[in-house]
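Undergrad: Sharing a structure with you now.
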Amino acid sequence: MRILGVDFGDRNVGLALSDPLGITAQPLMTYRLSGGEENARFFLELVRKHDVAEIVVGLPVRLDGTPGRRTEKTREFARWLEETLGLPVSFYDERLTTRQALQFMKGQRIKNRERRSVENQISASLILDSYLESRRKRGHGC
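Sequential numbering from 1 applies to the sequence shown in my numbering.
Printed below as a string of structure tokens:
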């Protein structure tokens, strides 16, 4: 069973997957949001295909820990995922993941025109990796 990491945006959703043991996170893809039924079909197929048992959504908060402008929209999307997929959804603080993703892409020499297509999935991978690390520290995983 895998964990799906989600970096929610207005148009695009970055997705990452854990390995079956929940030790590592890998970027999966960036999904462009469309209509509700099409989104539901996509996510239902995704969790079935990859044997997803849990979802972690990056929660956008300000540096001082207060809710950001996107916090409520992200919570609404997470509720939709939970209701649509019937899987538990957790939140994880996504502060600075976009900045980390940009630094990673620069270090990997990913060209500017290619960055937009992978930025969200790298952010999702960073969110999921941090979540997995916090679980290990709490004794909930390998």
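Glycine included, each C-beta is placed from N, C-alpha and C at the ideal position. Quick caveat: nothing in here was measured; it's all calculated off a predicted structure.
(1) Can you round the beta-carbon distance between G22 and S123 to whole angstroms, since I take them to be within the 8 Å contact cut?
(2) Under the three-state reduction of DSSP, which class applies to L23: helix, strand or coil?
(3) Does the structure place the segment 66-75 close enough to the segment 27-34 that three or more beta carbon pairs sit under 8 Å?
(4) Span of the alpha helix (DSSP H) holding L17?
(5) Quick one: residues in its chain with C-beta nearer than 8 Å to the C-beta of L59, no 5 flanking neighbours on either side, listed in chain order?
(6) Is it the case that the Cβ atoms of L87 and A53 are separated by a distance below 8 Å?
(7) Can you tell me where the beta strand (DSSP E) with G5 in it begins and where it stops?
(8) Shortest alpha-carbon distance to V56 belongs to which of N12, L46, P20, Y131?
TA: Working from what's here:
(1) As a first step, residue 22 is located in the sequence shown; it is residue number 22 there, counting from the start. As a first step, residue 123 is located in the sequence shown; it is residue number 123 there, counting from the start. About 19 Å separates the two Cβ atoms, so there is no contact after all.
(2) In the sequence shown, counting from the first residue as 1, residue 23 sits at position 23. The amino acid at residue 23 is misidentified as Leu; the sequence shows Ile. In the structure shown, I23 sits in coil (DSSP, three-state: anything other than H, G, I, E or B).
(3) no
(4) The residue given as residue 17 occupies position 17 in the sequence shown. L17 -> not in any alpha helix (DSSP H); beta strand (DSSP E) instead, spanning 12-18.
(5) As a first step, residue 59 is located in the sequence shown; it is residue number 59 there, counting from the start. Excluding sequence neighbours, L59 sits near T71, T74, R75, F91, Y92, D93, E94.
(6) By 1-based counting over the sequence shown, the position of residue 87 is 87. By 1-based counting over the sequence shown, the position of residue 53 is 53. Yes.
(7) Position 5 of the sequence shown holds residue 5. Looking at the DSSP string, the run of the beta strand (DSSP E) that includes G5 is 2-8.
(8) In the sequence shown, the residue the question calls residue 56 occupies position 56. If we check each option's Cα against that of V56, Y131 comes out closest.
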